[in-house]
């Protein structure tokens, strides 16, 4: 049973080096973790620009702010895994696998 990919949104600004690094990390993690990546330039949205200003990159996982600024790949990986675990189906399948292993 496959589940929907986790939605990872990267709020960024044009020319932001850290934003580019986070986007590359997220694309790399897609190979291991099912996630859908969206990049949004906050300069195109006045509400986002007012809210985040120069505080980019900001990573939203399932529309909840998870990380900001200098993001490490291990932190991004952990945040995506936590989001998967919060989904009821993931918890149920994980417990089922453990029960089957025990016999």
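Residue numbers (this note's numbering): 185 to 287.
Note that the Cβ used here is the ideal one computed from N, Cα and C, for glycine as well.
Annotation: residue 231 to residue 237 spans about 10 angstroms, alpha carbon to alpha carbon. Under the three-state reduction of DSSP output, residue 216 falls in the coil class, being neither helix nor strand.
Counting only residues of its own chain and dropping the five nearest sequence neighbours on each side, residue 190 has a CB closer than 8 angstroms to the CB of 217, 218, 219, 220, 245, 246, 264, 267, 268. If you ignore the 5 residues before and after residue 252, its C-beta comes within less than 8 angstroms of the C-beta of 239, 240, 241, 242, 243, all in its own chain and listed in chain order. Taking 4 residues as the shortest admissible run, the stretch 201-248 contains the following complete alpha helix (DSSP H) segments, listed from N- to C-terminal end: 201-213, 230-236. Beta-bridge partners assigned by DSSP to residue 190: 219. For the 9 angstroms CB-CB criterion, residue 258 and residue 227 do not form a contact. Secondary structure note for residue 257: its alpha helix (DSSP H) is the uninterrupted segment 257-270. Proximity to residue 210 across 233, 286, 256 peaks at 256, based on C-alpha coordinates.
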